[in-house]
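2 protein chains.
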Amino acid sequence: MLTKAEVQDLRSLQERRGREALGLFLVEGEKTLSEVIGSGFPVERIYSTRPVSPEESAGAPVTEVSGPEMARISGLPTPSPVLAVCRIRRVPLSPGGLDRGLTLALDGVQDPGNVGTLLRIADWYGLDRVVLSPDCADLFSPKVVAASMGSFARVAAHSAALAPALASSQAPVLGCDLKGEDAHSLHPRRDAVIVVGSEGRGLSEEVRRHVTAFVTIPRYGRAESLNAAVAAAVVCDNLRRVSA
Amino acid sequence: MLTKAEVQDLRSLQERRGREALGLFLVEGEKTLSEVIGSGFPVERIYSTRPVSPEESAGAPVTEVSGPEMARISGLPTPSPVLAVCRIRRVPLSPGGLDRGLTLALDGVQDPGNVGTLLRIADWYGLDRVVLSPDCADLFSPKVVAASMGSFARVAAHSAALAPALASSQAPVLGCDLKGEDAHSLHPRRDAVIVVGSEGRGLSEEVRRHVTAFVTIPRYGRAESLNAAVAAAVVCDNLRRVSA
Chain U
80 MLTKAEVQDL RSLQERRGRE ALGLFLVEGE KTLSEVIGSG FPVERIYSTR
130 PVSPEESAGA PVTEVSGPEM ARISGLPTPS PVLAVCRIRR VPLSPGGLDR
180 GLTLALDGVQ DPGNVGTLLR IADWYGLDRV VLSPDCADLF SPKVVAASMG
230 SFARVAAHSA ALAPALASSQ APVLGCDLKG EDAHSLHPRR DAVIVVGSEG
280 RGLSEEVRRH VTAFVTIPRY GRAESLNAAV AAAVVCDNLR RVSA
Chain R
80 MLTKAEVQDL RSLQERRGRE ALGLFLVEGE KTLSEVIGSG FPVERIYSTR
130 PVSPEESAGA PVTEVSGPEM ARISGLPTPS PVLAVCRIRR VPLSPGGLDR
180 GLTLALDGVQ DPGNVGTLLR IADWYGLDRV VLSPDCADLF SPKVVAASMG
230 SFARVAAHSA ALAPALASSQ APVLGCDLKG EDAHSLHPRR DAVIVVGSEG
280 RGLSEEVRRH VTAFVTIPRY GRAESLNAAV AAAVVCDNLR RVSA
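Chains as they are written, first to last, in my numbering: chain U, 80 to 323; chain R, 80 to 323.
Structure representation (structure tokens):
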């Protein structure tokens, strides 16, 4: 039986303020939880409407709850049988942190579904890290976690002001834009930062100043633009093709 | 002043049943409406909280409404100043309709955001048509229309049972799958059907039987899969690179 205070705490984790206050976030769904545990991400506690084996919980304490209790603590319209509470770990971007390897930098991507999808893309293409500007959707929001399909636990993700980080980057900075170098002609680069902007506005002015090459995906039809996550994936695919 | 019956009719268009009953669907948002009008798609009527110029309405009758009235007829949490009503046109896929050009076929893609994004991708890559299996999200749902960013009005889209259409296709059928030919080694094809499956299940068994080549996007990291729309975009990009 959950206490009222416990329910309140768990419900507060739906909002950024609540997560910051408690230093915790939620992982909902059996598939995502198994990916999180499989990737060694530490889980503080699991709430479940069914028995959970020690392998499944990776040793985290399990609280069995009723269906109605799960509905009260879940943020999903159709709650899953499991809900896990994990501790937020924010790893600062170290100085020179963009110099080596491939980075995906998100400049004001506010839609949490897009941020989650971008983490999944970075994971698929084996990028070394993802950097989120402070005005992106919160990395630990339930929608980001869900859309990332477990990738949030496998990808090194940092929050950082982009302009100063890009200014000091030794690696070239490739900005996804509607005008620029043809993505099909990308040169091999083992070290690079790929920057994508927000859906509505594109790359911010202060970030544009630090872009060393704009990259455009060739268009064969009439759509005005591509979704930010789609554009990032196509650029990653082209860069991996020549650099891998 | 809107009548109660008019409000009820407009609200019924949020649901598939209501749209089928009236043969109408909604377009919300100034940007999407301008793209729809720009592409010559006929608009039956516009509701607006501000004056609309004849160029903007393309001659469609305009009803000025108050902010609270717009809130009652809009499906958006934050209503836009304009809402348009358009007539549903369903164009059947003609026999041999997949034989020429490039087709994107959606096999049970149920998320309306994904269907809209896929229409936008088909539009960007200049594909000749999109075919939706009957269990896809409805082409005329407000979320599909919004996510397509106007592309629904520019792309030839058909609903059709996929298995018989693919069975009679003269064009090769490329199935996006986790195992198959490397997308980076695609051969040029002027005529082809690219099939993407649903997020959870992938391609259905009956569709798989008609696939002539499975295509896989090379993976460099650890994510288990890519989002259906992302995968389709990467395959389109690779196919256009060699075929354009």
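Note that the Cβ used here is the ideal one computed from N, Cα and C, for glycine as well.
Fair warning: this is a prediction, and the values are worked out from it, not measured in the lab.
Determine the direct distance from the alpha carbon of H237/U to that of S212/U, and round the result to whole angstroms.
For the purposes of this step, residue 212/U is taken as the residue at position 133 of the first sequence. For the purposes of this step, residue 237/U is taken as the residue at position 158 of the first sequence. If you take the alpha carbons of S212/U and H237/U, they lie about 9 Å apart.
Residues in its own chain within less than 8 Å of P297/U by CB, not counting five upstream and five downstream?
As a position in the first sequence, residue 297/U is number 218, starting the count at 1. Cβ neighbours of P297/U beyond the five flanking positions: D261, A262, H263.
Counting contacts by CB-CB distance shorter than 7 Å, is T82/R in contact with chain U?
The residue given as residue 82/R occupies position 3 in the second sequence. Not closer than 7 Å to any Cβ of chain U, the Cβ of T82/R fails to qualify, so no.
V309/U touches chain R at which residues, Cβ-Cβ below 7 Å?
In the first sequence, the residue the question calls residue 309/U occupies position 230. Chain R residues near V309/U: T196, I200, A308, V309, A312.
Closer than 7 Å to chain U by CB, H266/R:
Position 187 of the second sequence, counting from 1, holds the residue named residue 266/R. No, H266/R does not count as interfacial toward chain U.
Checking contacts by CB at 7 Å: is S38/U closer than that to chain R?
Residue 38/U is absent from the structure shown; chain U starts at 80 and stops at 323.
Shortest alpha-carbon distance to V115/R belongs to which of E303/R, R166/R, K83/R?
Here residue 115/R corresponds to residue number 36 of the second sequence, with the count starting at 1. The shortest C-alpha separation from V115/R is found at R166/R.
Measure the CB-CB distance between L89/R and I152/R and report whether it falls below 7 Å.
By one-based count along the second sequence, residue 89/R stands at place 10. By one-based count along the second sequence, residue 152/R stands at place 73. Their beta carbons are under 7 Å apart, which means L89/R touches I152/R by this criterion.
Just to confirm, is the Cβ distance from S230/R to A302/U under 7 Å?
For the purposes of this step, residue 230/R is identified with residue 151 of the second sequence, where counting begins at 1. For the purposes of this step, residue 302/U is identified with residue 223 of the first sequence, where counting begins at 1. Contact flag set, yes.
Could you name the residues of the same chain whose beta carbon sits closer than 6 Å to that of V233/U, not counting the 5 residues immediately before and after it, in chain order?
Within the first sequence, the letter at position 154 stands for residue 233/U. The amino acid at residue 233/U is misidentified as Val; the sequence shows Arg. Closer than 6 Å at Cβ, skipping near neighbours: S118, D202.
Tell me the rounded alpha-carbon separation between L318/R and V144/R.
Translated into the one-based positions of the second sequence, residue 318/R becomes position 239. Translated into the one-based positions of the second sequence, residue 144/R becomes position 65. Using only the alpha carbons, I get a separation of about 47 Å.
For R169/U, report the span of its beta strand (DSSP E) as first-last.
Taking the first residue of the first sequence as 1, we reach residue 169/U at position 90. Here R169/U belongs to no beta strand (DSSP E), and DSSP marks it neither H nor E.
Assuming the contact rule is C-beta atoms closer than 8 Å, V122/U and D316/R should be a hit. Round their C-beta distance to whole Å, please.
Counting from 1 along the first sequence, the entry for residue 122/U is found at position 43. Counting from 1 along the second sequence, the entry for residue 316/R is found at position 237. Their Cβ separation, rounded to whole angstroms, is 38 Å, which puts V122/U and D316/R out of contact at 8 Å.
Excluding sequence positions up to five away, which residues of its chain have a Cβ less than 6 Å from the Cβ of L206/R?
Working through the second sequence from its first residue, we reach residue 206/R at position 127. Contacts found: L181, L183.
Give the straight-line distance between the Cα atoms of L162/R and I125/R, rounded to the nearest whole angstrom.
The count along the second sequence starts at 1 and reaches residue 162/R at position 83. The count along the second sequence starts at 1 and reaches residue 125/R at position 46. Going from the Cα of L162/R to the Cα of I125/R covers about 6 Å.
Report yes if the C-beta distance between R199/R and M228/R is below 7 Å; otherwise report no.
Translated into the one-based positions of the second sequence, residue 199/R becomes position 120. Translated into the one-based positions of the second sequence, residue 228/R becomes position 149. A Cβ-Cβ contact shorter than 7 Å links R199/R with M228/R.
Any idea if M149/U is buried or exposed, counting beta-carbon neighbours within 10 angstroms, 16 or more meaning buried?
Mapped onto the first sequence, residue 149/U falls at position 70. M149/U should be labelled buried.
Do you know how far the Cα of Q93/U is from the Cα of V86/U?
Here the question's residue 86/U lines up with position 7 in the first sequence. Here the question's residue 93/U lines up with position 14 in the first sequence. Roughly 12 Å separates the two Cα atoms.
Using a Cβ cut-off of 9 Å, which residues of the region 210-238 of chain R contact any Cβ in chain U, in chain order?
Those would be A226, S227, M228, G229, S230, R233, V234, in chain order.
Where do the ends of the beta strand (DSSP E) carrying I296/R lie?
What you label residue 296/R is simply residue 217 of the second sequence in a count that begins at 1. No beta strand (DSSP E) contains I296/R, which DSSP labels as neither H nor E.
Taking Q123/U as part of the alpha helix (DSSP H), name the residues at either end of that continuous run.
As a first step, residue 123/U is located in the first sequence; it is residue number 44 there, counting from the start. What sits at residue 123/U in the sequence shown is Glu, not Gln. No alpha helix (DSSP H) holds E123/U; the beta strand (DSSP E) holding it covers 122-127.
Nearest-angstrom Cα separation, counted from I273/R out to L253/R
The sequence position of residue 253/R within the second sequence is 174, counting from 1. The sequence position of residue 273/R within the second sequence is 194, counting from 1. Roughly 5 Å separates the two Cα atoms.
On the premise that V286/U lies in contact with D186/U, defined as a C-beta separation below 8 Å, what is that separation, rounded to the nearest angstrom?
Counting from one through the first sequence, the residue named residue 186/U turns up at place 107. Counting from one through the first sequence, the residue named residue 286/U turns up at place 207. So it is a contact: roughly 5 Å between Cβ atoms.
Closest by CA to T295/U, which one among M80/U, T142/U, G281/U?
For this step, residue 295/U is matched to residue 216 along the first sequence. For T295/U, the closest alpha carbon among the candidates M80/U, T142/U, G281/U is that of G281/U.
For S127/U versus V141/U, is the C-beta distance shorter than 7 Å?
The count along the first sequence starts at 1 and reaches residue 127/U at position 48. The count along the first sequence starts at 1 and reaches residue 141/U at position 62. Yes, the pair counts as a contact, with Cβ atoms nearer than the cut-off.
Given R320/U, which residues of its chain have a CB within under 6 Å of its CB, disregarding the five upstream and five downstream residues?
In the first sequence, counting from the first residue as 1, residue 320/U sits at position 241. Correct list: empty, nothing qualifies.
Kindly indicate which three-state DSSP category C255/U falls into: helix, strand or coil?
Position 176 of the first sequence, counted from the start, is the residue given in the question as residue 255/U. Residue state, collapsed to three classes: strand.
Residue from L172/U, V290/U, G276/U, L155/U whose Cα sits closest to the Cα of A235/U
For the purposes of this step, residue 235/U is taken as residue 156 along the first sequence, with counting starting at 1. Nearest option by C-alpha distance: L172/U.
Rounded distance between the beta-carbons of P191/R and A226/R, thought under 8 Å
Translated into positions along the second sequence, residue 226/R becomes position 147. Translated into positions along the second sequence, residue 191/R becomes position 112. Approximately 7 Å separates the beta-carbon atoms of A226/R and P191/R; this is inside 8 Å, confirming the contact.
I'd like to check one pair, A308/U with L197/U: are the Cβ atoms closer than 7 Å?
Locating residue 197/U in the first sequence gives position 118, where the first residue counts as 1. Locating residue 308/U in the first sequence gives position 229, where the first residue counts as 1. It is a contact, given that the beta carbons lie within the stated cut-off.
Check the Cβ of E303/U against every Cβ in chain R and list those closer than 8 Å, keeping chain order.
For this step, residue 303/U is matched to residue 224 along the first sequence. Within chain R, the residues near E303/U are E114, M228, G229.
Applying a beta-carbon distance threshold of less than 7 Å, which residues of chain R neighbour G180/U?
The residue labelled residue 180/U in the question sits at position 101 within the first sequence. Residues of chain R passing the Cβ test: none, with the nearest at roughly 12 Å.
So the beta strand (DSSP E) T182/U belongs to, where does it begin and stop?
Counting from 1 along the first sequence, the entry for residue 182/U is found at position 103. For T182/U, the enclosing beta strand (DSSP E) has its first and last residue at 181-186.
Anything in chain R within Cβ reach of G281/U, meaning under 9 Å, just list it in chain order.
Against the first sequence, residue 281/U aligns to sequence position 202. Neighbours of G281/U on chain R: none; closest Cβ ~14 Å, over 9 Å.
I'd like the list of long-range same chain contacts for H289/U, defined as Cβ closer than 7 Å, with 5 residues on each side in sequence excluded.
Here residue 289/U refers to the residue found at position 210 when the first sequence is read from its first residue. These residues qualify, in order along the chain: A242, L245, A246, V252.
Taking all protein chains shown into account, decide if A271/R is buried (16 or more other Cβ within 10 angstroms of its Cβ) or exposed.
As a first step, residue 271/R is located in the second sequence; it is residue number 192 there, counting from the start. Under this definition A271/R is a buried residue.
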